[in-house]
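Some notes on the structure that comes next.
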Amino acid sequence: MSEQLLPGYLIRRGSTLERSLLVKFMQSTYQERFPQQDFAHLARTVEQYLSKDTPLWWVDVELRVQGGKGAGENGEINQLNSSASPVACLWVGNAVDQVNGDRHAHIFLLYVVPEYRRRGIGKALMQYVENWAMKRGDKQIGLQVFQSNQPALNLYHQLGYQTQSLWMLKELSGYFVGDSYG
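Numbering of the sequence shown is given in our numbering, commencing with residue 424 and proceeding in unit increments.
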């Protein structure tokens, strides 16, 4: 079942059977930031974490078809563009606030296909997931964003998201020689 997200766009709940499409969307988002990398491992991530407890939503372009059975007063029928791939994806899981121990929604993936960006779809998806999280009783919502993804950072700041922590990494080269830990 679909509902209108924005004029011209419908949002529908995805299924755990759509793993390969989710992997495709995940690979697209990472390849934009890191074009030289191979992201085959993302299939394992989806296999491990996609479940009925980690909801997935797709955004489709809404088509207007003239006339026919079930047409409205103006003769139009709204339906999904079933021949095309979704134009956006939202995948949400759960996290635990390490300060107070509360469970909250955590956005695993929000991706809008490049040619559909700057149309309000990302913002509408963020508002959609915030409403969904509030209805289930969450007091906060979390996400991770690459520091180099300025458009996403701008959107999240505009919507009131604040940095709570920094995820820091150090590349290790070579192997440890000496005592083994195991």
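Just so it is clear, CB atoms sit at the ideal spot from N, CA and C, and this is done for glycine as well. Model, not experiment: these values are computed from the prediction.
Look at residue 464 here: in three-state DSSP terms it is coil, with no helix or strand label. Between the region 559 to 566 and the region 508 to 528, the count of C-beta pairs closer than 8 Å reaches three or more; the two stretches touch. By the Cβ-count criterion, residue 597 is exposed, with fewer than 16 other Cβ atoms from all chains shown falling within 10 Å of its own Cβ.
In the structure shown, residue 455 adopts helical secondary structure according to DSSP, grouped into three states. As for any alpha helix (DSSP H) of minimum length 4 sitting wholly inside the region 543 to 584, the runs are 544 to 558 and 573 to 581, ordered along the chain.
Counting C-beta atoms within 10 angstroms of its own C-beta, residue 449 has 16 or more neighbours from the protein chains shown and is therefore classed as buried.
Residue 425: member of the beta strand (DSSP E) spanning 425 to 429, first to last residue.
Of all C-beta pairs linking the region 510 to 517 to the region 548 to 556, three or more are shorter than 8 Å, placing the two stretches in contact. Here residue 427 has 433 as same chain residues with Cβ atoms under 7 Å from its own Cβ, once five neighbours each way along the sequence are excluded.
Under DSSP, residue 472 forms no beta bridge with any residue. Residue 485 carries a strand assignment under DSSP once its states are collapsed to helix, strand and coil. Secondary structure of residue 522 (DSSP, three-state): coil. The beta carbon of residue 575 sits closer than 7 Å to the beta carbons of 568 from its chain, once the five residues preceding and following it are set aside; these are given in chain order. Judged by beta-carbon spacing, residue 456 lies within the 9 Å limit of residue 572, meaning their Cβ atoms are closer than that value. About 6 Å separates the Cβ atoms of residue 544 and residue 482, confirming a contact at the 8 Å cut-off.
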